[in-house]
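This report concerns only the one structure given below.
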Amino acid sequence: MSDSRKQQRVVIVGAGMAGVQTAVALREQGWPGPVRLIGAEPHPPYDRPPLSKAVLLAKGEEPEGDAPPLFDIDFAALDIELELGRTVTGLHPAERLLETDAGPVHYDRLVVATGAEPVTLPGSEGVPGVHLLRTLDDARRLRPVLAARGRIVVVGAGWIGAEFATAARERECEVTVVEAAATPLPGALPAQVTEPMRAWYADAGALLRTGVAVAAVEEGGVLLADGTRLAADAVLVGIGARPATGWLRGCGVELGADGAVLADAGLRASVPGVYAVGDCASFPSARFGERLLVHHWDNALQGPRTVAANLVAEGHADAAADSVGYDPVPYFWSEQFGRFVQYAGHHRDGDELVWRGDPATAAWSVCWLRDDRLTALLAVGRPRDLAQGRKLIQQGTAVDRAVLADAAVALKKAAR
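Yeah, the sequence shown ends on 791 if you go by this note's numbering, and it's all consecutive.
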């Protein structure tokens with residue numbers, strides 16, 4: 376890399392997992408120029424998974440409840456300029472200029488890592504007692520709600536709704552979860568897989584109401600479309616998230632219908648000098664034959680290495696040959712109602728479903744097959760299945776269905 380590259384400034388917008396790991400990876404891979412990390416929140420960068428667990432459940436007198444789960448990173452030692460509490464509001468790619476609430480910021484290379492933002496329930500904005508769970512401040516506001524052991528209505532039986540309901544039951548709150556779809560986790564998993572999970576709510580003492588939409592949220596309660604009114608001391612809205620890319624609209628960066636930056640295989644955006652990574656970016660997957668938008672922690676951890684490698688390679692004469700592609704096996708986990716749920720891969724509606732074990736028991740798995748190859752695996756209390764299945768997906772190995780369906784046999788033995 377020429378000496379002139381030492382003057383090239385990389386600006387990273389977003390100080391969550393994807394932004395932080397991009398900054399660190401740039402230094403680890405030898406980027407010599409300035410690196411500036413801009414975060415909208417006033418808090419030092421922190422990890423989000425503990426928000427629905429350790430932070431949310433910490434008692435008021437416990438100091439860890441107020442301490443954010445900070446990344447163990449010395450930004451100053453890595454010569455990473457950290458700027459917090461600054462919101463980016465627009466982009467001018469031709470001038471390589473960001474608009475922010477504190478004035479313009481010049482960049483030579485830009486990484487968009489703004490993550491996702493919760494979808495709000497229409498009509499619930501500003502209603503007292505209505506909460507979201509995305510940030511540290513959200514979790515802090517919810518802690519006293521759980522401590523009061525009141526009546527809580529959770530709107531949405533997705534991953535966040537289930538994890539929050541779990542925490543609320545641990546604090547002995549009265550919990551009702553309302554889901555407009557017919558089964559929990561709609562859109563994430565097929566009904567035949569999630570229907571057995573309905574019993575998890577009942578076993579934990581939570582009421583799950585599916586197939587009924589929320590008509591209105593008002594102070595002290597939730598009105599359902601069937602006319603039922605649920606009294607509530609607090610309402611948690613967990614109906615999904617969307618890429619936080621509104622500030623990019625109209626600037627020339629191509630966005631998908633879902634709002635995600637349409638990145639290429641190297642996580643480059645459609646305008647020169649701009650990359651996108653994490654929850655705000657979709658990418659083409661040759662492995663799964665379609666574009667993927669992955670809203671999970673592991674994607675925000677892995678993608679930055681690709682971004683850093685390609686940024687560092689840009690200064691070489693053979694940059695195209697050095698370009699690194701991003702095509703991971705997506706992975707995520709969820710802890711809910713005393714169960715550890717893990718998922719790896721990506722399935723389609725037409726993939727063949729193979730059960731490993733009985734979903735009425737504490738530990739079981741589900742596999743998805745396409746052309747005799749594993750495309751995805753859901754493991755409930757079977758971490759070894761997850762680890763072995765993820766490797767089979769990564770390798771694209773053909774598998775034996777009969778062996779796959781035998782929960783008593785190690786999953787890796789299904790490989791042909």
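Ideal Cβ positions, reconstructed from N, Cα and C, are used throughout, including at glycine.
Pick helix, strand or coil for E658, following the three-state DSSP scheme.
Residue 658 sits at position 283 when you count from the first residue of the sequence shown. In the sequence on display, residue 658 carries Phe and not Glu. Strand.
Extent of the continuous alpha helix (DSSP H) run through Q711
Here residue 711 refers to the residue found at position 336 when the sequence shown is read from its first residue. Q711 -> not in any alpha helix (DSSP H); beta strand (DSSP E) instead, spanning Y706 to Q711.
For C742, which beta-bridge partners are listed by DSSP?
The sequence position of residue 742 within the sequence shown is 367, counting from 1. Note: C742 sits in a beta bridge opposite V729 and L752.
State the beta-bridge partners of A563 as determined by DSSP.
Indexing the sequence shown from 1 puts residue 563 at position 188. None; A563 has no bridge partner.
Sorted by chain position, which residues of the same chain lie with C-beta nearer than 7 Å to E436's C-beta, five sequence neighbours on each side aside?
Residue numbering aside, residue 436 sits at position 61 when the sequence shown is read from its first letter. Its pLDDT being 47, under 50, E436 is placed unreliably by the model, and nothing is read from it.
Under 7 Å: does the beta carbon of G391 sit that close to some heavy atom of the ligand MN?
For the ligand MN, the structure offers nothing, since it holds no ligand at all.
Return the residue from the list L466, G653, T551 and S499 that minimises the CA-CA distance to D483.
Residue numbering aside, residue 483 sits at position 108 when the sequence shown is read from its first letter. Per the Cα distances, L466.
At what residues does the beta strand (DSSP E) containing I387 begin and finish?
Residue mapping note: residue 387 aligns to position 12 of the sequence shown, counting from 1. Segment V385 to V388, the beta strand (DSSP E) holding I387.
Leaving out five residues on either side along the sequence, give the residues of the same chain with a beta carbon under 8 Å from the beta carbon of S427.
Position 52 of the sequence shown holds residue 427. The answer, listed in chain order, is L508, A514, I535, E538, F539 and A542.
Candidates T736, A477 and R604: closest to R757 by CA position
Translated into positions along the sequence shown, residue 757 becomes position 382. Checking every option, the nearest Cα to that of R757 belongs to T736.
In whole angstroms, give me the CA-to-CA distance for L472 and A632.
To locate residue 472, count along the sequence shown from 1; it is residue 97. To locate residue 632, count along the sequence shown from 1; it is residue 257. Near 25 Å, if we compare the C-alpha coordinates of A632 and L472.
Taking its Cβ as the centre, do 16 or more other Cβ atoms sit within 10 Å of A783, making it buried, or is it exposed?
On the sequence shown, position 408 is the one that residue 783 refers to. Around the beta carbon of A783, a 10 Å sphere encloses fewer than 16 other beta carbons of the protein chains shown; the residue is thus reported as exposed.
Give the range of the alpha helix (DSSP H) segment to which A429 is assigned.
Mapped onto the sequence shown, residue 429 falls at position 54. Start and end: A429 to L432.
Exposed or buried, which one is H481 when buried takes at least 16 other CB atoms within 10 Å?
Position 106 of the sequence shown, counting from 1, holds the residue named residue 481. Classification of H481: exposed, given that the 10 Å Cβ count is below 16.
Apart from the five residues just before and just after P479, which ones in its own chain have a Cβ nearer than 8 Å to its Cβ?
What you label residue 479 is simply residue 104 of the sequence shown in a count that begins at 1. Close CB contacts of P479 within its chain, under the 8 Å cut and outside five residues either way in sequence, are with L472 and L473 (chain order).
Note down, in chain order, each residue of its chain lying with its Cβ closer than 7 Å to the Cβ of R680, except the 5 sequence neighbours on either side.
The count along the sequence shown starts at 1 and reaches residue 680 at position 305. Excluding sequence neighbours, R680 sits near A400.
Assign V628 to one of three DSSP states: helix, strand, or coil.
Reading the sequence shown from its first residue, position 253 is the one you call residue 628. Three-state DSSP puts V628 in coil, outside helix and strand.
With a threshold of 16 other CB atoms inside 10 Å of the CB of G613, please say whether the residue is buried or exposed.
Translated into positions along the sequence shown, residue 613 becomes position 238. Buried is the call here.
Taking L794 as the reference, give the member of A754, T397 and T489 with the closest Cα.
The chain is shown only over 376 to 791; residue 794 falls outside these bounds and no answer can be derived.
Is the region 522 to 536 close to the region 545 to 552, with three or more CB pairs under 8 Å?
yes
Since A588 and L598 are thought to touch, with beta carbons under 8 Å apart, how far apart are those beta carbons, to the nearest angstrom?
Within the sequence shown, the letter at position 213 stands for residue 588. Within the sequence shown, the letter at position 223 stands for residue 598. About 10 Å; that fails the 8 Å criterion.
Measure the beta-carbon distance from V755 to S740 and round it to whole angstroms, keeping in mind my assumption that it falls under 8 Å.
Indexing the sequence shown from 1 puts residue 755 at position 380. Indexing the sequence shown from 1 puts residue 740 at position 365. Confirmed, Cβ separation roughly 7 Å.
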